[in-house]
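So that you can map any letter, position 189 of the sequence shown is 189 in UniProt numbering, and since no number is skipped, the others follow by simple counting.
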Amino acid sequence: MESNKTLLIYFSLSLMLISPLRSQMKETDKSDPAGVSTERLDRYANYLKSEIEAGKIPGAVSMISRNGEIVHQSVFGMSDLQSKAPMQQDNIFHIMSMTKPIVSVAFMMLYEEGHFFLTDPVSKYLPQFKDLKVSKDPEKGIEAGSLPAKSEVTIHQLLTHTAGFSHGLGGSKLDQETVKALYFEPQTSVESRVNTLVGLPMIGHPGEQWNYSASPDVLALLIEHFSGMTVAEFLEQRIFEPLDMKDTGYNIASEKQNRWVPVHNMNEAGKLVRSEQQLPVEGNTVFGGTHGLFSTAADYMKFCQMLLNGGKANGVQFLSPKTLQAMTMNQVGDLFQDPGQGFGLGFGVMTDVAESKRPGSVGTYYWSGAYCTYFFIDPHEDLIAIMMTQVQPYSGFYGNKLRQMVYQTLVEIED
1 MESNKTLLIY FSLSLMLISP LRSQMKETDK SDPAGVSTER LDRYANYLKS
51 EIEAGKIPGA VSMISRNGEI VHQSVFGMSD LQSKAPMQQD NIFHIMSMTK
101 PIVSVAFMML YEEGHFFLTD PVSKYLPQFK DLKVSKDPEK GIEAGSLPAK
151 SEVTIHQLLT HTAGFSHGLG GSKLDQETVK ALYFEPQTSV ESRVNTLVGL
201 PMIGHPGEQW NYSASPDVLA LLIEHFSGMT VAEFLEQRIF EPLDMKDTGY
251 NIASEKQNRW VPVHNMNEAG KLVRSEQQLP VEGNTVFGGT HGLFSTAADY
301 MKFCQMLLNG GKANGVQFLS PKTLQAMTMN QVGDLFQDPG QGFGLGFGVM
351 TDVAESKRPG SVGTYYWSGA YCTYFFIDPH EDLIAIMMTQ VQPYSGFYGN
401 KLRQMVYQTL VEIED
C-alpha cells in the first residue's frame, strides 16, 4: 500500500514536470509555425526595407507558404513613388513572364484532354509553321539571309524553348529586329503576333539549343485553336474562376485600377522614379503566352498552391500529378546553360543544388517576370515563396535573394 502511494506521488510529480515542458513545446511551435522561424523571417523583411530606403525598389509584397500554411505575408514601401501611394497586400502587378507558367499549365490541361501529342509538329495545327527559315548569321540580322530549318518545330520544343525562336532579349541584330517586330509594332491579336514571329528567320535550328523565346505565344494560339475560346476566356473559365483568382487577367477593370502598381526605373541622375512609359492596363487584345497578365501576390499564391497540391484545389483536379511531374523535371538535357538548373515544360527546374551554388532542393521549380516579380515552389520542403515589385531593367538578383532569405528561415527540414 505504501509502495502504491509512493508510485502515485512520483507519477503526480512527473505530470507536474511534464506539463510545463509540453506548454513550452506548444509555445515554440507557435513561434515557429510550419518549421519556419519568425525571428529569421524578420531578416528578409529588414532586407526589403533596406532596399526601399536605399532607393532601389519603390516597395514590395512578399508571401511564403509552408505545409499549406501562409507563414509570411508582408507589404513594404510604396506602390507609386509619384503619387506616394503606399503598397497594399492586394496591389495588382504586371507579372510579365510569370504569365508563361500559367499558359503552360492551361496548355497541358488540353494535352490531358487528348487534343495533341508533345511530339506533334506544330504545322499539323498551324500551317504557317511549315517550311520555316533559320538565319544564316543572327549577328547580321535579317539582311544576312536564311536557309531552310533542318526539321519541323514540335510542340515539345515550344514548351521547352528549344524550337529555335528568339524572344528578342539577346544582343544580336536579329534579336533587336525580333523584339521590335513583336512588341513595338502594332499587334491586334496573339495570332497576328505569331504570324509576325514565323515571318522572321529563326535564331537556330529546332532542338539544337535552348533559347528563351516567344514560343509561349504559339502555345496561346494553339489554346485558341483547340478550345475554340480566346486565351483570356479559357484562363478565366478553367483556371482563374475555379481558383478564385479574382484579380488576375489581361486587363484591369476600371474599379480596380487604383490598385495597379506602375513600373519604376532609374532616371539619368540615378534616382528611382515612376517610368514615363507604361504598358496599358485596359483595352489589351493580344492575349499572349509570353507576358500580358496582371495579378496579385495572393492570386499567384493560389495558383502555386494548386500546383504544389498535385494539380488540385477547391475540389477541382486541374492537372494530373503525373503531368505536373513531367512539367517540373528537366526536359532539355544539358541545353539549359545555368549550372545546376534545367528546364521543364514551362518552368525552370533545379537539378543539382551543389552545381547551382544556390539553396534549394532538387526538383524546385520557378520563374520570374521582367518587372522583377519572382516565385519558386519546392515540393520537397512543401514550400512556396513569392516576391513582387515593379522596377526595370530586370535583375535576377532579387530572385536569388528571395531563395537565400527564405531558405534560411527553415528551422525544420525534410530528410
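The C-beta atom is built at its ideal place from N, Cα and C for all residues, glycine as well.
Self-check item: Spatially closest choice to V281 from K271, V273 and F294, by CA coordinates
Solution: Indexing the sequence shown from 1 puts residue 281 at position 281. Among K271, V273 and F294, the Cα nearest to that of V281 belongs to F294.
Practice problem: Express the C-alpha separation of M350 and V362 in angstroms, rounding to a whole number. | Solution: On the sequence shown, position 362 is the one that residue 362 refers to. On the sequence shown, position 350 is the one that residue 350 refers to. Spanning the two alpha carbons is a distance of roughly 5 Å.
Quiz item: Could you give the distance in angstroms between the alpha-carbon of G35 and the alpha-carbon of G396?
Solution: Along the sequence shown, one-based indexing puts residue 35 at 35. Along the sequence shown, one-based indexing puts residue 396 at 396. Distance between the alpha carbons of G35 and G396: 27 Å.
Exercise. Just list the beta strand (DSSP E) runs in the stretch 132–174, keeping only unbroken ones of 3 residues or longer that don't cross its boundaries, in chain order.
Key: 133–135 and 146–148
Exercise. Identify whether P242 lies in helix, strand or coil by the three-state DSSP scheme.
Key: Looking up residue 242 in the sequence shown gives position 242. Three-state DSSP puts P242 in a helix.
Quiz prompt | Distance CB(D382)-CB(L308) smaller than 8 Å | solution = Position 382 of the sequence shown holds residue 382. Position 308 of the sequence shown holds residue 308. Yes, Cβ-Cβ distance for D382 and L308 is below 8 Å.
Quiz item: Based on Cα-Cα distance, which residue from P58, K133 and S227 lies nearest to E113?
Solution: Along the sequence shown, read from residue 1 onward, the residue named residue 113 stands at position 113. Considering only alpha carbons, the answer is S227.
Quiz item: From K84, A214 and A370, pick the residue whose C-alpha is nearest to that of G164; which is it?
Solution: As a working mapping, residue 164 is identified with position 164 in the sequence shown. Measuring from the Cα of G164, the nearest candidate turns out to be A214.
Practice problem: May I have the straight-line CA-CA distance separating G77 from K84, to the nearest angstrom? | Solution: Your numbering for residue 77 matches position 77 in the sequence shown. Your numbering for residue 84 matches position 84 in the sequence shown. Computed Cα separation, rounded: 9 Å.
Quiz item: At what residue ranges does the stretch 253–317 contain a whole run of the alpha helix (DSSP H), taking only runs of 4 or more?
Solution: Listed in chain order, they are 297–308.
Practice problem: Starting from the Cα of N251, find the closest Cα among T296, I64, M266 and G340 and give me that residue. | Solution: Start at 1 with the first residue of the sequence shown, and residue 251 comes out as number 251. Minimum Cα distance to N251 is reached at T296.
Quiz prompt | Own chain partners of A181 with C-beta closer than 7 Å, once the 5 adjacent residues on each side are dropped | solution = Translated into the one-based positions of the sequence shown, residue 181 becomes position 181. Excluding residues within five positions, the ones whose Cβ falls inside 7 Å are T196 and L200.
Quiz prompt | Counted within 10 angstroms of its Cβ, other Cβ atoms place I413 as buried (16 or more) or exposed | solution = On the sequence shown, position 413 is the one that residue 413 refers to. Per the 10 Å Cβ criterion, exposed.
Practice problem: Would you kindly work out how many angstroms separate the C-alpha atoms of R193 and T154, rounded to a whole number? | Solution: Within the sequence shown, the letter at position 193 stands for residue 193. Within the sequence shown, the letter at position 154 stands for residue 154. Approximately 19 Å, taken between the alpha carbons.
Quiz prompt | Alpha-carbon to alpha-carbon, L243 and F303 | solution = Along the sequence shown, read from residue 1 onward, the residue named residue 303 stands at position 303. Along the sequence shown, read from residue 1 onward, the residue named residue 243 stands at position 243. Distance between the alpha carbons of F303 and L243 is about 7 Å.
Quiz item: Within the chosen definition, does the stretch 79–96 reach the stretch 250–265 through at least 3 CB pairs nearer than 8 Å?
Solution: Contact between the stretch 79–96 and the stretch 250–265 is present, because at least three Cβ pairs lie under 8 Å.
Practice problem: Leaving out five residues on either side along the sequence, give the residues of the same chain with a beta carbon under 7 Å from the beta carbon of L279. | Solution: Mapped onto the sequence shown, residue 279 falls at position 279. Within the same chain, L279 has close Cβ partners H94.
Quiz prompt | Beta-carbon proximity check, K100 vs P206, cutoff 8 Å | solution = As a position in the sequence shown, residue 100 is number 100, starting the count at 1. As a position in the sequence shown, residue 206 is number 206, starting the count at 1. Not a contact, by the Cβ cut-off of 8 Å.
Practice problem: Leaving out five residues on either side along the sequence, give the residues of the same chain with a beta carbon under 8 Å from the beta carbon of T188. | Solution: Your numbering for residue 188 matches position 188 in the sequence shown. Closer than 8 Å at the Cβ level, and outside the excluded window around T188, lie T285 and V286.
Practice problem: Answer yes or no: do L319 and Q331 have a C-beta to C-beta separation smaller than 8 Å? | Solution: As a working mapping, residue 319 is identified with position 319 in the sequence shown. As a working mapping, residue 331 is identified with position 331 in the sequence shown. No, Cβ-Cβ distance for L319 and Q331 is not below 8 Å.
Quiz item: Nearest-angstrom Cα distance between L219 and Q128?
Solution: On the sequence shown, position 219 is the one that residue 219 refers to. On the sequence shown, position 128 is the one that residue 128 refers to. Approximately 14 Å, taken between the alpha carbons.
Quiz prompt | When E143, T248 and V134 are compared against V198, the one with the closest alpha-carbon | solution = As a first step, residue 198 is located in the sequence shown; it is residue number 198 there, counting from the start. Cα-wise, what sits closest to V198 is V134.
Exercise. For D247, name the three-state secondary structure that DSSP assigns.
Key: On the sequence shown, residue 247 is found 247 positions in, with the first residue counted as 1. In the structure shown, D247 sits in coil (DSSP, three-state: anything other than H, G, I, E or B).
Quiz item: Taking the alpha carbon of I70 as the point to measure from, which residue in G145, Q157, V179 and P33 has its own alpha carbon closest?
Solution: Against the sequence shown, residue 70 aligns to sequence position 70. Checked all of G145, Q157, V179 and P33; the closest Cα to I70 is P33.
Exercise. Tell me, to the nearest whole angstrom, how far the beta carbon of G145 is from that of E177; I am working on the premise that it is less than 8 Å.
Key: Taking the sequence shown and counting its residues from 1, the one referred to as residue 145 is at position 145. Taking the sequence shown and counting its residues from 1, the one referred to as residue 177 is at position 177. At roughly 13 Å, the Cβ-Cβ gap does not stay under 8 Å, so G145 and E177 are not in contact.
Practice problem: Consult DSSP for D378 and reduce its assignment to one of helix, strand or coil. | Solution: Reading the sequence shown from its first residue, position 378 is the one you call residue 378. Looking at D378 - three-state DSSP - the assignment turns out to be strand.
Practice problem: Can you give me the Cβ contacts of T364 inside the same chain, cut-off strictly under 8 Å, excluding the 5 residues immediately before and after it? | Solution: Position 364 of the sequence shown, counting from 1, holds the residue named residue 364. Around T364, the same chain offers V349, M350, F376, I377, D378, P379 and H380 as residues with beta carbons nearer than 8 Å, after the five sequence neighbours per side are excluded.
Quiz prompt | Three-state secondary structure assigned by DSSP to H225 | solution = For the purposes of this step, residue 225 is identified with residue 225 of the sequence shown, where counting begins at 1. Three-state DSSP puts H225 in a helix.
Quiz item: Between I92 and D247, what straight-line distance do the alpha-carbon atoms span, to the nearest angstrom?
Solution: Position 92 of the sequence shown, counting from 1, holds the residue named residue 92. Position 247 of the sequence shown, counting from 1, holds the residue named residue 247. Going from the Cα of I92 to the Cα of D247 covers about 7 Å.
Quiz item: Leaving out five residues before and five after L41 in sequence, what residues of the same chain have Cβ atoms less than 8 Å from its Cβ?
Solution: Here residue 41 is taken as the residue at index 41 of the sequence shown, counted from 1. Cβ within range, chain order: I64, V71, H72 and T409.
Practice problem: Grab me the residues of T119's own chain with a C-beta within less than 8 Å of its C-beta, minus the 5 sequence neighbours each way, in chain order. | Solution: Taking the first residue of the sequence shown as position 1, residue 119 is located at position 119. Correct list, in chain order: T154, I155 and H156.
Quiz item: If you run the structure through DSSP and keep just helix, strand and coil, what is T328?
Solution: To locate residue 328, count along the sequence shown from 1; it is residue 328. In this structure, T328 counts as coil in the three-state DSSP scheme.
Practice problem: May I ask you to list the residues that DSSP assigns as paired with T373? | Solution: Taking the first residue of the sequence shown as position 1, residue 373 is located at position 373. Partner(s): G369 and M388.
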